[in-house]
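These notes concern the structure reproduced below.
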Amino acid sequence: MQNVFDLQKLRHNKQLSLKGFDAHDFLFSFAAESINDRFSDIKRDFEQGLLIGRRGEDLIGKPEAVAEMTVYDDLSADLEDLSLEANSLDCVIGNMCQHHVNDLPGHLIQINRALKPDGLFIGAMIGGESLFELKESFMAVEMALYGGAAPHIHPFADKQQMGALMQRAGFALPVVDSDLITVSYTDIYKLMKDVKGMGEGYALNVSPRHYSHAFFEQVDSYYKEHFKDDEDETRIQATFEIIYLLGWAPHESQQKPLKPGSAETKMTDVL
Numbered sequence: 618m619q620n621v622f623d624l625q626k627l628r629h630n631k632q633l634s635l636k637g638f639d640a641h642d643f644l645f646s647f648a649a650e651s652i653n654d655r656f657s658d659i660k661r662d663f664e665q666g667l668l669i670g671r672r673g674e675d676l677i678g679k680p681e682a683v684a685e686m687t688v689y690d691d692l693s694a695d696l697e698d699l700s701l702e703a704n705s706l707d708c709v710i711g712n713m714c715q716h717h718v719n720d721l722p723g724h725l726i727q728i729n730r731a732l733k734p735d736g737l738f739i740g741a742m743i744g745g746e747s748l749f750e751l752k753e754s755f756m757a758v759e760m761a762l763y764g765g766a767a768p769h770i771h772p773f774a775d776k777q778q779m780g781a782l783m784q785r786a787g788f789a790l791p792v793v794d795s796d797l798i799t800v801s802y803t804d805i806y807k808l809m810k811d812v813k814g815m816g817e818g819y820a821l822n823v824s825p826r827h828y829s830h831a832f833f834e835q836v837d838s839y840y841k842e843h844f845k846d847d848e849d850e851t852r853i854q855a856t857f858e859i860i861y862l863l864g865w866a867p868h869e870s871q872q873k874p875l876k877p878g879s880a881e882t883k884m885t886d887v888l
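Numbered according to our numbering, the sequence shown spans residues 618 to 888.
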């Protein structure tokens, strides 16, 4: 089966964005702060930790609860094959990198296998609600002009899919939730510049179509007509979704769901 993402394009995009990344890193900073908040709610210490992600060491730092943290920058790390030793880590933190893994089920299974029993995985990734306004605008204009639409925005997983993948990977007590972040722009050009500046530009394994400036002007006009900013109608709004993942490597001490038929109170008695 053909990979969805071209890994060479991904690395190229991220490498190009390094110089000006600080001006476009708001999603990464927001996700890192949210991961820190979630991590601080877990009252235990970890010996060996692994941090995977873009600029993760700068954005997250080393949580005090982790004695020794190894960092895999996703500019150089192979996220398809992490080559981690089984039962070697107490926690793994993923900072905004899982959304570009071709074999995401295999990636999560590798993390689970690398964790010691009762080890923790916590991560953040871009979710499926992201840039739905831009997707619709591109599709509407292309359908009107050409009778068909090409992909422009990366296909990100949603919360339901990630919950299923966490269970499939064997994580115990999985928790999946998300934040929706709305950002205001003057036009689609500023929005696309932000996306490119994050290193999140087009990297699908399908050659992109080439469009005229007039085409993008029509997309911008459609966007401005249908997705005005709530507070300033001269601007547009764009939605980004960040999905948070939390799960544990199985251990006999963890809570387990009750077996069917084990309840001591009948529903008819309650009603």
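The beta carbon of each residue, even a glycine, is placed where N, CA and C say it ideally should be.
Legend entry - Rounded separation between Asp658 and Val792 - CA only: 14 Å
Inset, instruction - Look at the Cβ atom of Ala741, then the Cβ atom of Ile652, and state whether they are nearer than 8 Å. - result: yes
Inset, instruction - Check whether the Cβ atoms of Leu692 and Gln727 lie closer than 8 Å to each other. - result: no
Inset, instruction - Step through the CB atoms of chain C and report whether any lies within less than 8 Å of the CB of Ser838. - result: The chain inventory of the structure shown lacks chain C, comprising one protein chain alone.
Legend entry - Asn630: first and last residue of the uninterrupted alpha helix (DSSP H) it sits in: Leu624 to Ser634
Inset, instruction - Just mark Ala893 as buried or exposed, buried being the case when its beta carbon has 16 or more other beta carbons within 10 Å. - result: No answer is possible for residue 893: it lies beyond the span of the chain, which begins at 618 and ends at 888.
Inset, instruction - Pick out whichever of Glu850, Gly864, Gly818 and His827 has its Cα sitting closest to the Cα of Asn630. - result: Gly818
Inset, instruction - Go through the segment 756 to 795 residue by residue and report every complete run of the alpha helix (DSSP H) that reaches 4 residues or more, in order. - result: 776 to 785
Inset, instruction - In angstroms with no decimal places, state the Cα-to-Cα distance between Leu863 and Met783. - result: 9 Å
Legend entry - Contacts around Leu888, its chain only, beta-carbon distance under 7 Å, and the 5 residues preceding and following it disregarded: Note on Leu888: pLDDT 44, under 50, position unreliable in the model; the coordinate value appears next. Answer for Leu888: no residue qualifies.
Legend entry - From Leu624, Phe663, Leu732 and His641, residue whose alpha carbon lies closest to that of Gly787: Leu732
Legend entry - Secondary structure of Ser700, DSSP reduced to three states: coil
Inset, instruction - Identify the continuous alpha helix (DSSP H) that holds Val836 and give its terminal residues. - result: His830 to His843
Inset, instruction - List the endpoints of the continuous beta strand (DSSP E) containing Asp849. - result: Where Asp849 is concerned, there is no enclosing beta strand (DSSP E), given that its DSSP letter is neither H nor E.
Inset, instruction - Would you mind stating whether Val718 and Gln835 have Cβ atoms separated by less than 8 Å? - result: no
Legend entry - Gly744 burial status per 10 Å Cβ neighbour count (16 or more: buried): buried
Inset, instruction - To the nearest angstrom, report how far apart Glu681 and Pro734 are at their CA atoms. - result: 21 Å
Legend entry - Cβ distance (whole Å) where Asp804 is taken to contact Ile853 below 8 Å: 7 Å
Inset, instruction - Check the C-beta distance from Val800 over to Phe749 and give it rounded, since I have them as a contact under 8 Å. - result: At roughly 13 Å, the Cβ-Cβ gap does not stay under 8 Å, so Val800 and Phe749 are not in contact.
Inset, instruction - Assign Leu762 to buried or exposed, taking buried as 16 or more other Cβ atoms, counted over all protein chains shown, within 10 Å of its Cβ. - result: exposed
Inset, instruction - Using only alpha-carbon positions, find the residue among Leu737, Leu668, Phe773 and His868 that is nearest to Ala649. - result: Leu668
Inset, instruction - In the DSSP assignment, find the unbroken alpha helix (DSSP H) run with Lys807 in it and report its ends. - result: Ile805 to Gly814
Inset, instruction - Using alpha carbons as the reference points, say which of Gly816, Ala855 and Lys841 lies closest to Lys636. - result: Gly816
Inset, instruction - Output the distance between the C-alpha atoms of Asp642 and Pro825, rounded to the nearest integer angstrom. - result: 25 Å
Legend entry - Residues of its chain near Asp846, where Cβ-Cβ distance is below 7 Å and the 5 sequence neighbours each way are ignored: Ser801, Arg852, Ile853 and Gln854
Inset, instruction - Tell me where the alpha helix (DSSP H) around Ala648 begins and ends. - result: Phe643 to Ser657
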